[in-house]
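What follows is one structure encoded as structure tokens, with my remarks underneath.
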Amino acid sequence: MKKIITYGTFDTLHYGHILLLQRARALGDHLTVALSSDAFNRIKGKASHFDYTQRRAMLEAIRHVDVIIPEDNWEQKRKDVTAYGIHIVIMGDDWTGKFDFLSDLCEVIYLPRTPSISSTAIKLIHSTPAQ
Ligand code: C2G
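Our numbering applies: residue -15 is where the sequence shown begins, and numbers increase by one.
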């Protein structure tokens, strides 16, 4: 069984996230998502609209996702790959190179991001009063 893992905040779940998860899952037989905790988001300097429980509930509704674990820090990836028997780490290409330190343990693949959609843009739409 080829096991995949990917990491992220997945705030305001959108089309770009779904395409990432769909493509990641298609490269193997099992997809684990390491979902950034609210505390880790603060470390990342990322204010998410939805909290961990809400973001987790949205991901659980996606059939491409098999398991969700918390992402609590930058340092857990090597342990995750070993502990969960991961074969491929997959991230969007805004992270190109940043995960190559894992390539002695597993394959690392960066997939093209989906253009013109982001959680930031979605939050802007919702914060702008209707004209
Ligand atoms: N993504 C994408 N297309 C978009 C937006 C996001 O393909 N339009 C991808 C990102 O490249 C990432 C995943 O969806 O692989 C999750 O995106 P974020 O929630 O923004 O993840 P990020 O905050 O970059 O967290 O330790 C790694 C970090 O936790 C990654």
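Here a beta-carbon is modelled for each residue, glycine too, at the ideal position from N, C-alpha and C. Fair warning: this is a prediction, and the values are worked out from it, not measured in the lab.
Distance check for Gly69 and His110, CA to CA, integer angstroms please. By one-based count along the sequence shown, residue 110 stands at place 126. By one-based count along the sequence shown, residue 69 stands at place 85. Near 40 Å, if we compare the C-alpha coordinates of Gly69 and His110.
Under a Cβ-count criterion, where at least 16 other Cβ atoms within 10 Å of its own Cβ denotes burial, should Glu151 be classed as buried or exposed? The displayed coordinates of the chain run from -15 to 115. Any statement about residue 151 would go beyond what the structure contains.
Burial state of Glu44, where buried means 16 or more other Cβ atoms lie within 10 Å: As a first step, residue 44 must be located in the sequence shown, where it is residue number 60. Its Cβ having fewer than 16 others within 10 Å, Glu44 is exposed.
Pick from Val65, Leu89, Tyr94 and Asp88: whose alpha carbon is nearest that of Asp77? What you label residue 77 is simply residue 93 of the sequence shown in a count that begins at 1. When the alpha-carbon of Asp77 is set against those of Val65, Leu89, Tyr94 and Asp88, the nearest one is in Tyr94.
Under three-state DSSP, which class holds Ile70? Against the sequence shown, residue 70 aligns to sequence position 86. In the three-state DSSP reduction, Ile70 falls in the coil class, being neither helix nor strand.
Taking the alpha-carbon of Ser21 as reference, which of Asp35, Gly12, Val51 and Pro96 has the nearest alpha-carbon? As a working note, residue 21 is residue 37 in the sequence shown. Minimum Cα distance to Ser21 is reached at Asp35.
Please name the residue, chosen from Asp64, Ala31, Arg97 and Thr66, that lies closest to Thr80 on a Cα-to-Cα basis. The residue labelled residue 80 in the question sits at position 96 within the sequence shown. Checking every option, the nearest Cα to that of Thr80 belongs to Arg97.
Which residues share a DSSP beta bridge with Ala18? By 1-based counting over the sequence shown, the position of residue 18 is 34. BP columns for Ala18 point to Tyr(-9) and Ile53.
Between which two residues does the beta strand (DSSP E) carrying Leu117 extend? Here the chain covers residues -15 to 115 and nothing more, so residue 117 does not appear.
Which residues DSSP lists as bridging Tyr(-1), in chain order: The residue labelled residue -1 in the question sits at position 15 within the sequence shown. According to DSSP, Tyr(-1) bridges with nothing at all.
Which full runs of the alpha helix (DSSP H) of 4+ residues lie inside the segment 76 to 110, going along the chain? none
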